[in-house]
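To start, the structure itself, in structure tokens.
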Amino acid sequence: MFQDLIENGRKIVHNFLFNICGLQGGFTLKKREQQCISYIRRTVGRDKFVLMLVSGGVNSAICAALLHQALLQGDDSSGVQDIHIDNGFLRKDESEQVVTSLQQLGLNLRGQWLLISSSYQRSDLMFRIVLGC
Numbered sequence: 001m002f003q004d005l006i007e008n009g010r011k012i013v014h015n016f017l018f019n020i021c022g023l024q025g026g027f028t029l030k031k032r033e034q035q036c037i038s039y040i041r042r043t044v045g046r047d048k049f050v051l052m053l054v055s056g057g058v059n060s061a062i063c064a065a066l067l068h069q070a071l072l073q074g075d076d077s078s079g080v081q082d083i084h085i086d087n088g089f090l091r092k093d094e095s096e097q098v099v100t101s102l103q104q105l106g107l108n109l110r111g112q113w114l115l116i117s118s119s120y121q122r123s124d125l126m127f128r129i130v131l132g133c
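Under full-length UniProt numbering, the first residue of the sequence shown is numbered 1, with each subsequent residue one higher.
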């Protein structure tokens with residue numbers, strides 16, 4: 001917004017980014033996506049199982065989508081299991097919409113979702129996940 005509000009705003013922003021900060025202007029979303037996928041593959045590897053708790057927000061949905069892209073082997077995405085967490089702050093029926101949207105993205109939700117409304121429930125869930133209960 002700044003660059004459009006003052007005279008020479010675009011020139012000021014350009015000078016700051018390229019001359020002062022030293023940016024080179026080669027950023028693309030595709031390059032960033034590939035960086036993330038490469039990082040996930042290096043960090044997780046291909047032989048581990050990943051449990052992803054997805055709230056339906058932008059951050060967790062993008063993370064889950066990138067995990068699936070990075071770890072997908074053929075048509076098998078069983079190495080990543082997503083569980084939708086309804087934190088109690090979603091609007092009426094929004095949790096079901098989140099699950100539907102994530103399934104349309106091809107995420108491995110298997111229709112599972114949990115309502116977690118307290119720190120005790122979060123602790124209990126993590127305890128059960130770790131112990132396999």
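Think of the CB as a built atom: it goes at the ideal place given N, C-alpha and C, for glycine as much as any other residue.
Counting other Cβ atoms within 10 Å of its Cβ, GLY45 stays below 16 and is therefore classed as exposed.
With contact defined as three or more Cβ pairs closer than 8 angstroms, the stretch 47–55 and the stretch 82–99 are in contact. A direct Cα-to-Cα measurement between LYS92 and ILE62 gives close to 23 angstroms. Per DSSP, LEU53 is one residue of the beta strand (DSSP E) stretching across 50–54.
Here DSSP, grouped into helix, strand and coil, assigns GLN24 to coil.
Residue environment analysis places LEU29 among the exposed positions, since fewer than 16 neighbouring C-beta atoms fall within 10 angstroms of its C-beta.
LEU107 and THR100 have their alpha carbons spaced roughly 10 angstroms apart.
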